[in-house]
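Counting in this note's numbering, the sequence shown runs from 77 upward without gaps.
In what follows, a single structure is set out as structure tokens and then discussed.
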Amino acid sequence: MVTEKFRKRIFEDRLYREETWFNMGSAKSSSSRLRLIYFSEVDCFRGKNMFPHSVGLYWIFHFVPEAKRCLTVHGEGIKTLLPADIYVEKPKTKNSPEVKINEILENPSSTPVKRYYFAMERNVYAEQMFRLNDLEIIRLPDVSEVRDCIMEMAERIRSGKNCSPQDLSVLLFRFLTLITGERREYGNSTGNYEQLIEAVRRFPQNYPTLKSLESAFRVSPVTLRKIFYRFTGQSPIDFVVYSRLRNSCWMLTNSELSIGEIAVLNGYSSAAFYTKSFKKVVGVSPGQYRREGKLHFPDAAARRKK
77 MVTEKFRKRI FEDRLYREET WFNMGSAKSS SSRLRLIYFS EVDCFRGKNM
127 FPHSVGLYWI FHFVPEAKRC LTVHGEGIKT LLPADIYVEK PKTKNSPEVK
177 INEILENPSS TPVKRYYFAM ERNVYAEQMF RLNDLEIIRL PDVSEVRDCI
227 MEMAERIRSG KNCSPQDLSV LLFRFLTLIT GERREYGNST GNYEQLIEAV
277 RRFPQNYPTL KSLESAFRVS PVTLRKIFYR FTGQSPIDFV VYSRLRNSCW
327 MLTNSELSIG EIAVLNGYSS AAFYTKSFKK VVGVSPGQYR REGKLHFPDA
377 AARRKK
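Here it is in structure tokens:
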């Protein structure tokens, strides 16, 4: 079985203790699979901690779920990060300016504060899908799912067992989906329903519930239903399900992503639930659809089995 192997490094200072796991690079890379390059967990003890950032070759995500901190950016001043804000450090390119950034974390209590940061290999597929270049400081209303996802990454690596590259890729896709899920392809223009419906068609995973659709369209449930029937001929939920499956068909035929990764990307809680939904609408399993090399989503079958 193909695995990712990690080696561990420990660094201890008077104010903090850091454990970092580095990927040994044993697994074969894929054009669409995401790879975790390293993962660090830091215990910051009482006092002021400073962490310098240097632009590297990877996407780096910084997460401190329990403490306020600030970024001092040379030439740009100070940016304050609230507890649980996620800071995204962009990878270095040929045109990247030499910018020095220090992250200052103050812990006034005697209880250690956890700080997590991890690096993801550059991936054009993910950069375009999640528009990573637009990210810098991410502030979500609820980070419990993000925290759980990061904890699961840490647990898999910390266990000491060789990690499945597919499992790690699924977790990275889930993390990116969670931190970008609040963003919309279009603005919240109240009257432009065609653009909003196109946003749902392209990014149905951003609208997991009827409530999220009502919030995006700013209308009542009754009006929402009328809008969708008028423009799509389907109910709101049926249209979301249809769009998820249609998008997943493109991924099945145009990427090397596993069924589990595709399920996560399209908002399904598990590969099993995705497979069941897919077979009900399309008539074959995702694996069979991929093997047969089908080129498009069977619209007629979707309408017939709706």
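Here a beta-carbon is modelled for each residue, glycine too, at the ideal position from N, C-alpha and C.
Nonlocal neighbours in the same chain, by C-beta distance under 6 Å from residue i, ignoring five residues either side
i           : result
residue 154 : 146, 148
residue 86  : 95
residue 263 : The predicted position of residue 263 is uncertain, since its pLDDT is 38 and thus under 50; a value taken from the coordinates is nonetheless stated next. Excluding residues within five positions, none has a Cβ falling inside 6 Å.
residue 337 : 245, 246, 249
residue 126 : 178, 180
residue 93  : 119
residue 205 : none
residue 156 : 146
residue 251 : 225
Sequence-distant residues of its chain with Cβ nearer than 8 Å to residue i (five each side left out)
i           : result
residue 99  : 80, 81, 82, 111, 112, 113, 114
residue 311 : 301, 304, 305
residue 290 : 296, 297, 300
residue 361 : 351, 354, 355
residue 40  : What is shown of the chain runs 77 to 382, which leaves residue 40 out entirely.
residue 190 : 117, 118, 119, 120, 140, 141, 142
residue 261 : Low confidence applies here, because residue 261 scores a pLDDT of 39, under 50, leaving its location unreliable; read the following figure in that light. So the list reads 274, 275, 278, 279, once near-sequence residues are dropped.
As assigned by DSSP and simplified to three states, the class of residue i
i           : result
residue 83  : strand
residue 190 : strand
residue 143 : coil
residue 128 : strand
residue 163 : strand
residue 277 : helix
residue 153 : strand
residue 118 : strand
residue 318 : helix
residue 148 : strand
residue 221 : helix
residue 282 : helix
residue 178 : strand
residue 333 : coil
residue 353 : helix
residue 309 : coil
residue 323 : helix
residue 346 : coil
residue 168 : coil
residue 296 : coil
residue 228 : helix
residue 268 : coil
residue 362 : helix
residue 301 : helix
residue 368 : coil
residue 207 : coil
In DSSP terms, what residue i is bridged to
i           : result
residue 196 : 112, 135
residue 123 : 183
residue 23  : Here the chain has residues from 77 to 382 only, and residue 23 is not among them.
residue 88  : 93
residue 214 : 162
residue 239 : 80
Nearest-angstrom beta carbon gap, residue j and residue i [assumed within contact, 8 Å]
i           : j           : result
residue 120 : residue 183 : 5 Å
residue 208 : residue 135 : 6 Å
residue 201 : residue 108 : 5 Å
residue 269 : residue 307 : 6 Å
residue 144 : residue 159 : 6 Å
residue 23  : residue 214 : Residue 23 is absent from the structure shown; the chain starts at 77 and stops at 382.
residue 313 : residue 162 : With 8 Å as the limit, residue 313 and residue 162 do not qualify as a contact, their Cβ atoms being about 30 Å apart.
residue 334 : residue 271 : That pair is no contact at about 33 Å.
residue 341 : residue 253 : 7 Å
7 Å CB neighbourhood of residue i in its chain, flanking five on each side removed
i           : result
residue 124 : 180, 182
residue 137 : 162, 164, 193, 194
residue 28  : For residue 28 there is no data in the structure shown, the boundaries of the chain being 77 and 382.
*At a cut of 8 Å, does the segment 327-341 reach the segment 282-299 through at least three beta carbon pairs?*
no
*asked:* Three Cβ pairs or more, each shorter than 8 Å: is that satisfied between the segment 273-282 and the segment 316-326?
replied: yes
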